[in-house]
Structure formats: C-alpha cells, structure tokens
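J.: This is the structure I have questions about; it appears just below.
Number of protein chains: 2
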Amino acid sequence: MRILLCEANISEGRDEAVIGAVREAILAGNTVKMIDFNSDQDHNRAVFTYLGDPEAVLAATKRLAAKAVELIDMTRHHGSHPRMGAVDVVPFVPVAGVETSEAVAMAKDFGRFMGERGVPVYYYEDAATAPHRKSLVDIRKGEYEALEEKMKQPEWVPDEGPREFVPRSGALVTGVRFPLVAFNVNLRTTDLEVANQIAKAVRFLNGGFRFVRAIGLRLADKDMVQVSMNLINFTKTPIPRVMEAVRAEAARYGVAVAGAELVGPVPLLALEEVVRHYLQVHDFSVDQIIEKNLLP
Amino acid sequence: MRILLCEANISEGRDEAVIGAVREAILAGNTVKMIDFNSDQDHNRAVFTYLGDPEAVLAATKRLAAKAVELIDMTRHHGSHPRMGAVDVVPFVPVAGVETSEAVAMAKDFGRFMGERGVPVYYYEDAATAPHRKSLVDIRKGEYEALEEKMKQPEWVPDEGPREFVPRSGALVTGVRFPLVAFNVNLRTTDLEVANQIAKAVRFLNGGFRFVRAIGLRLADKDMVQVSMNLINFTKTPIPRVMEAVRAEAARYGVAVAGAELVGPVPLLALEEVVRHYLQVHDFSVDQIIEKNLLP
Chain A
892 MRILLCEANI SEGRDEAVIG AVREAILAGN TVKMIDFNSD QDHNRAVFTY
942 LGDPEAVLAA TKRLAAKAVE LIDMTRHHGS HPRMGAVDVV PFVPVAGVET
992 SEAVAMAKDF GRFMGERGVP VYYYEDAATA PHRKSLVDIR KGEYEALEEK
1042 MKQPEWVPDE GPREFVPRSG ALVTGVRFPL VAFNVNLRTT DLEVANQIAK
1092 AVRFLNGGFR FVRAIGLRLA DKDMVQVSMN LINFTKTPIP RVMEAVRAEA
1142 ARYGVAVAGA ELVGPVPLLA LEEVVRHYLQ VHDFSVDQII EKNLLP
Chain B
892 MRILLCEANI SEGRDEAVIG AVREAILAGN TVKMIDFNSD QDHNRAVFTY
942 LGDPEAVLAA TKRLAAKAVE LIDMTRHHGS HPRMGAVDVV PFVPVAGVET
992 SEAVAMAKDF GRFMGERGVP VYYYEDAATA PHRKSLVDIR KGEYEALEEK
1042 MKQPEWVPDE GPREFVPRSG ALVTGVRFPL VAFNVNLRTT DLEVANQIAK
1092 AVRFLNGGFR FVRAIGLRLA DKDMVQVSMN LINFTKTPIP RVMEAVRAEA
1142 ARYGVAVAGA ELVGPVPLLA LEEVVRHYLQ VHDFSVDQII EKNLLP
C-alpha cells in the first residue's frame, strides 16, 4: 500500500464556478479520494485535501494546477490570507509506503510541469534547494505584491519556470512535508506558567525533542492550561515518548494530566508506537490490522 | 465502512482439485478478499478466511458451501481434527460497522440456504437457539461418527434442514462470534505459579473480567512465564484494562512485565481504546485515521 496526500491551496475562495472547475479537474477519472475541502470568502482561498496512489495524486495535482492558473488572475486577487500565486502552495505528504525522496521527486516533477507552463516555482520544506528556502513563511514574505522586486534578488531566483515576474499567475510553492500530528495535553491547573515550562522542556527550540514544536495556552472554558504541540516527525519522536515527558514534567509541579487531544487526521502508522510502548508489544506492526487488507 | 469476516472450515485438506474449486467459488466475481488460507493433510481440513462487504461475504459463503457439499463425501473422510460435516464450521465475525444482530441474520440466511439444499444445520455462539448449543465443542461432541444417533435426541434436532442424518454431507455449524484478540504478557520470572495466579485473577472463570480467558504458560526458550489470554470482546473488556490488571497483579510478586504479544490479525477498533486509555485522548476515534478514508 502506497499513499500520498496533497493539500493544494488555490487563491480563489469566492467564485463557485472556478472552485467547482478545479475540483472537477482533481477528481477527473476518479483516481484520487477527496478527504477534505474548505474555502473561505474572506481569505479568498480554497484548500483541497486528497490522497491515493502517488502517481494518481501527481496527475490530479497537475490537472488541478493547470486549471487553476487558467482561471485565476492574481492581478485582481484580494484576500486576508497570505498568498503569492494563483496556485499558492502545494505540499505533498507521504502517508504510507512512500519515501520522502520519492515524494520530493514527485514535487519536482510537478514543479517542472508548472515551470514549463510559464509559472515561477519555488521548492520548500523537504524539497527546498537551499536552507533559506525551507520555510514557506520566508518564501512568501511580502506576498504577491512584493514578488516582482523579490524575484530580482539572486537568492530568490525561482527553482523552475520564468525568472521574471508573471503578473497573472504569481509564483507557486511546492514541496514535501512529513505528516504532522497535532497533539495537545490538558493540565489540571490554571497556572499558565506550568504549561509554558513544560512546553519549553519538550520543544526543540529550547533543547527538547527534535521534532516537537510546543506552546503553553490557557483554556479559559475549562479552568485548565494546555501544552499545545505539533509533532512534525512521529516516527523519530513518537507520541508516547512526548506524552510521558509531559507527564513527568507536570509531576514536578504536582500537576496531573487531565486529558489530551489528537486534532484532525492521524496517520495509521502513528499508532504503531502507541501500541508498542504502552502494551509493550515490541514487534507490533500496523500490518496486523485486519482492515489494512482492504486498502488499495 | 462495513466489514464482515468469515472463517470457513471444510473437511478436505488433501485433494488440491477440491480445495482449488472451493477457493474459486469463494473468489468468483472478485467481491471478497482472501486474507488467510491454510490446509493440513493430517487434519484433512482447510480453512479459508476472507472478508468484505457483508452481502458479498454471505454470497461468497453460499457459493463455497454449495461447491464443498457437491465435492466432499463425508462417508470417506478421515482426519485428526474434530469434524462433523463436509462444510464443518462457518463462523461469521463482524469486524467493523456490522451489528452482531445483522451478522446473526446473515448466518441464519446462510443456514436456511444450506438447509434447503439438504444439509442439517446447527447455529452456535451468538446465533445459538439454546444455551446448550452455544459452544462448538458441545455441538460437535462425538463428531461425524456419532451424528446419526445424536440427531435422534430431542435436544439435538437441527436448526435447519433435514432432521435425519445425511451421510454424504454430515452436519454444518454456523454462527457469529466477536473478533477475538489473542494477547499474551511475558513476565520476568521463571515461576509458573505467578503466571497461573495472574491468569486466575483476570479470567472470567475465577471472577476476573467477563470477556477474558487466560492460562499461565512456561516459555522455556526465554526463561520466562506467560499469561496467555484471549480477549473475546475487546469493546467491553478493552486491552489496556487487562494489561494494567496483569501489571498490578505481577507487581504483587515483585515481577515486571518483560513484553507482550498481539498474535495474528487485530481489528482496527481494538486500538481505539489503547489510544484513549494511555494517551488520555478521551474522544479519540479510529475515524480520524487517514487511511480509513480509503477503505471501501
């Protein structure tokens, strides 16, 4: 079983005809499965999340992007969400059975395809061609309006496509990121400082786990505080290890864990280590799960 | 998503032509997925495990059974495994999205189908029509050789089909059982008595959990003992609750858990409570798992 997921962001959240045409382009041939869609009139942006066989996802993404640059004119785009192109950002996420290197090859195939069609393309995250291009925030800084000047700087020459500003399409950012696990732990205290100290203890920024981002938050409606985390590589920094570190740090302050949240979609593989760790089934494999036999 | 599993046992483990024909009957139309197959010459028995949409599994099971009773003659059957019919025992197992009552209706549809084709049928486990018919061991006691006399007793009148012994087909047992989780916990001691005491503490038989069967075993190759368990209803007696009970009992003897084993296929739903219990994600649902979107 090989599954690639794509989360394509386009700069159109108002015109239903355009959104519908792009959606149709993705689903043409019925080879990928749409698992989430949202559009926002204020952001003037739509996000399509779909998955399937990697080759099918790549083909669907090409159809989507070709249709979107045909129909969207960035010279007339206004919206509150940061953006720099008609097809703004397209992360590929290897969910199962796909190596990061394979996903990067797919992102670059897609990037060349769009470059050849006259769209300047930047690679980000695991597909980045330089350290300063890894973060979407840095690439997109200044947004569409600053792009013409930005592209003249040597460090912002596009990775694919024309080197000059293309007013109609703007620029496209594509790349690969690991599936992210959003994991929040709620604590039986109203003392935000406790959550902040634990966040510091577990996050990479302050010496914690390499693949953990964390902040402390107040949960006003619950009379609790929360350690809100993103686990950006659950195979190398697994959920149980983070959970137990949070629990141990909380115990220093005499604070108990009240509960936790796994927010949004979770890759099946992220649960493998939960079973291995807590049930001590050292060789447990998600391949043992009956339903896995029915996956394509 | 609705998944029914069937584990059909036929009394032929030697004649490849017969086994192949039965296998073809199951897979005709390619509507179910075979996930396991084994046959044994000494037992003279084959077991087909397949799953899919409940209606497809029922149809495949009818094709299988019709073909097997056509080809297998019990008057000439010899084998070391207990048996009483050409199609010996056919449990339906509701894996996901299927209520036990629905699975029982399917087992009875199958039973009537075979009854009409001249095969005496007994319902067992969750499809049993009387308490003394719940256990396969009781129904099959005396095996094929005792069946003619057994069927004359009022308490062993078949549930479907002819009331007289049918030498060629023998009788068929079908019914419904919950997916079983085989869970073994290994202990850092060679003292079998510790494993036996823990088995007694957690199993139904001696006052433990309602849906746990357990025995103590010696693991000679590992210098350890094991509490070997079958969890026969993981939704009502979830894995983590059993694990923690075993751990607590072991601690009474100063013995630690060295590891554990989940043997064979595990239903996805059995992991839901593992995440909820240990990560304290009280509202975790297996519907959050990305791959679930790709299931039929």
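Those protein sequence lines, which keep their order, are chains A and B. Adding 891 to a residue's 1-based position in the first sequence gives its number in my numbering. Adding 891 to a residue's 1-based position in the second sequence gives its number in my numbering. Beta carbons: idealized from backbone N, C-alpha and C, even for Gly.
Whole-angstrom Cβ separation of residue 900 of chain B and residue 989 of chain B, contact assumed at under 8 Å?
T.: As a position in the second sequence, residue 900 of chain B is number 9, starting the count at 1. As a position in the second sequence, residue 989 of chain B is number 98, starting the count at 1. Actually they do not touch by this definition, with Cβ atoms about 21 Å apart.
J.: On a Cα-Cα basis, can you pick out the residue from B/932, B/1024, B/1151, B/1063 that is closest to residue 1047 of chain B?
T.: Translated into positions along the second sequence, residue 1047 of chain B becomes position 156. For the residues B/932, B/1024, B/1151, B/1063, the minimum Cα distance to residue 1047 of chain B belongs to B/1024.
J.: Determine, using beta carbons only, whether residue 876 of chain A and residue 1086 of chain A come nearer to each other than 8 Å.
T.: In the structure as shown, chain A starts at 892 and stops at 1187, and residue 876 of chain A therefore has no counterpart that could be examined.
J.: Is it buried or exposed for residue 933 of chain B, if we count other Cβ within 10 angstroms and need 16 for buried?
T.: Translated into the one-based positions of the second sequence, residue 933 of chain B becomes position 42. With fewer than 16 Cβ atoms within 10 Å of its Cβ, residue 933 of chain B is classed as exposed.
J.: Which value, in whole angstroms, describes the spacing of the CA atoms of residue 907 of chain B and residue 1061 of chain B?
T.: Locating residue 907 of chain B in the second sequence gives position 16, where the first residue counts as 1. Locating residue 1061 of chain B in the second sequence gives position 170, where the first residue counts as 1. When rounded, the distance between both Cα atoms is 21 Å.
J.: Taking residue 1134 of chain A as the query, report the chain B residues whose CB atoms sit under 7 Å from its CB, ordered along the chain.
T.: Stepping through the first sequence from its first residue, residue 1134 of chain A is reached at position 243. What residue 1134 of chain A touches in chain B: 1170.
J.: By Cβ distance, which residues of its chain are closer than 8 Å to residue 1140 of chain B, with the 5 residues on each side in sequence left out?
T.: By 1-based counting over the second sequence, the position of residue 1140 of chain B is 249. Hits under 8 Å: 1088, 1089, 1092, 1093.
J.: Residue 1049 of chain A and residue 1013 of chain A - do their beta-carbons sit closer together than 8 Å?
T.: The count along the first sequence starts at 1 and reaches residue 1013 of chain A at position 122. The count along the first sequence starts at 1 and reaches residue 1049 of chain A at position 158. It is a contact, given that the beta carbons lie within the stated cut-off.
J.: Comparing C-alpha positions only, which one of A/935, A/945, A/987 sits nearest to residue 976 of chain A?
T.: Sequence index remark: in the first sequence, residue 976 of chain A carries index 85 (1-based). Per the Cα distances, A/935.
J.: Consult DSSP for residue 927 of chain B and reduce its assignment to one of helix, strand or coil.
T.: Taking the first residue of the second sequence as position 1, residue 927 of chain B is located at position 36. In this structure, residue 927 of chain B counts as strand in the three-state DSSP scheme.
J.: Whose CA, out of B/954, B/1181, B/1185, lies closest to the CA of residue 984 of chain A?
T.: Taking the first residue of the first sequence as position 1, residue 984 of chain A is located at position 93. The residue with the shortest Cα to Cα distance from residue 984 of chain A is B/1181.
J.: Decide yes or no for the touch test of the segment 1025-1043 of chain A against the segment 999-1010 of chain A: beta carbon pairs closer than 8 Å, at least 3 of them.
T.: no
J.: Which one of A/946, A/1000, A/914 has the shortest CA to CA distance from residue 958 of chain A?
T.: Residue 958 of chain A sits at position 67 when you count from the first residue of the first sequence. Among A/946, A/1000, A/914, the Cα nearest to that of residue 958 of chain A is on A/914.
J.: Per DSSP, residue 1109 of chain B forms a beta bridge with which residues?
T.: By one-based count along the second sequence, residue 1109 of chain B stands at place 218. For residue 1109 of chain B, which the question treats as bridged, DSSP gives the partners B/1116.
J.: So what does DSSP say about residue 1056 of chain B, is it helix, strand or coil?
T.: Translated into positions along the second sequence, residue 1056 of chain B becomes position 165. Here residue 1056 of chain B sits in coil by DSSP.
J.: Which residue from A/1186, A/1129, A/1162, A/960 puts its Cα closest to that of residue 902 of chain A?
T.: Counting from one through the first sequence, the residue named residue 902 of chain A turns up at place 11. Ranking A/1186, A/1129, A/1162, A/960 by Cα distance to residue 902 of chain A puts A/960 first.
J.: Determine, using beta carbons only, whether residue 1157 of chain A and residue 1166 of chain A come nearer to each other than 8 Å.
T.: Position 266 of the first sequence, counted from the start, is the residue given in the question as residue 1157 of chain A. Position 275 of the first sequence, counted from the start, is the residue given in the question as residue 1166 of chain A. No.
J.: Could you check the C-alpha separation between residue 1145 of chain A and residue 1080 of chain A for me, to the nearest Å?
T.: Taking the first sequence and counting its residues from 1, the one referred to as residue 1145 of chain A is at position 254. Taking the first sequence and counting its residues from 1, the one referred to as residue 1080 of chain A is at position 189. Cα to Cα, the separation comes out at about 9 Å.
J.: Below 7 Å CB to CB, which residues in the same chain sit around residue 953 of chain B once its five sequence neighbours on both sides are set aside?
T.: Start at 1 with the first residue of the second sequence, and residue 953 of chain B comes out as number 62. Excluding positions up to five away in sequence, the list reads 1001, 1004.
J.: Does residue 1182 of chain A come within less than 8 Å of chain B when only Cβ atoms are used?
T.: Locating residue 1182 of chain A in the first sequence gives position 291, counting from the first residue. Cβ-Cβ to chain B under 8 Å: yes for residue 1182 of chain A.
J.: Report the three-state DSSP secondary structure of residue 1169 of chain B (helix, strand or coil).
T.: Residue mapping note: residue 1169 of chain B aligns to position 278 of the second sequence, counting from 1. DSSP places residue 1169 of chain B in helix when its eight states are reduced to three.
J.: Out of curiosity, what's the CA-to-CA distance linking residue 897 of chain B and residue 1123 of chain A?
T.: Here residue 897 of chain B refers to the residue found at position 6 of the second sequence. Here residue 1123 of chain A refers to the residue found at position 232 of the first sequence. Going from the Cα of residue 897 of chain B to the Cα of residue 1123 of chain A covers about 40 Å.
J.: Taking residue 952 of chain A as part of the alpha helix (DSSP H), name the residues at either end of that continuous run.
T.: Residue numbering aside, residue 952 of chain A sits at position 61 when the first sequence is read from its first letter. From DSSP, the alpha helix (DSSP H) with residue 952 of chain A extends over 945-962.
J.: Under 8 Å, do residue 1070 of chain B and residue 993 of chain B count as touching if we go by C-beta distance?
T.: Numbered from 1 along the second sequence, position 179 holds the residue referred to as residue 1070 of chain B. Numbered from 1 along the second sequence, position 102 holds the residue referred to as residue 993 of chain B. The answer is no: Cβ separation not under 8 Å.
J.: What residues of chain B sit near residue 1175 of chain A, judged by a beta carbon separation below 7 Å?
T.: If you number the first sequence from 1, residue 1175 of chain A lands on position 284. Correct list: 1153.
J.: What are the uninterrupted segments assigned as beta strand (DSSP E) that are 3 or more residues long and contained completely in the segment 1016-1097 of chain A, given in chain order?
T.: For secondary structure counted as the beta strand (DSSP E) over 3 or more consecutive residues, the segment 1016-1097 of chain A holds these complete runs in sequence order: 1063-1067, 1072-1078.
J.: Looking at the unbroken beta strand (DSSP E) that takes in residue 1159 of chain A, where does it start and where does it end?
T.: By one-based count along the first sequence, residue 1159 of chain A stands at place 268. Segment: none, residue 1159 of chain A is in no beta strand (DSSP E) and carries neither H nor E.
J.: Apart from the five residues on each side of it in sequence, which residues of its chain come closer than 8 Å, Cβ to Cβ, to residue 1021 of chain A?
T.: Here residue 1021 of chain A is taken as the residue at index 130 of the first sequence, counted from 1. Around residue 1021 of chain A: 1046.
J.: Identify, in the order they occur along the chain, each residue of the same chain with its Cβ nearer than 6 Å to the Cβ of residue 1186 of chain A, setting aside the five sequence neighbours on each side.
T.: By one-based count along the first sequence, residue 1186 of chain A stands at place 295. Same-chain partners within the cutoff: 892.
J.: Quick check on residue 1065 of chain A: buried or exposed, where buried means 16 or more other Cβ atoms within 10 Å of its Cβ?
T.: Taking the first residue of the first sequence as position 1, residue 1065 of chain A is located at position 174. Classification of residue 1065 of chain A: buried, given that the 10 Å Cβ count is 16 or more.
J.: Give me the chain E residues within the contact set of residue 1179 of chain A, using Cβ-Cβ distance strictly less than 8 Å, ordered along the chain.
T.: Given the protein chain composition of this structure (A and B), no chain E is represented.
J.: With 8 Å as the threshold, decide whether the Cβ of residue 982 of chain A is near any Cβ in chain B.
T.: Numbered from 1 along the first sequence, position 91 holds the residue referred to as residue 982 of chain A. Not closer than 8 Å to any Cβ of chain B, the Cβ of residue 982 of chain A fails to qualify, so no.
J.: Any beta carbon of chain A sitting closer than 8 Å to that of residue 948 of chain B?
T.: Within the second sequence, residue 948 of chain B is the residue found at index 57, counting from 1. No - not a single Cβ of chain A is within 8 Å of the one on residue 948 of chain B.
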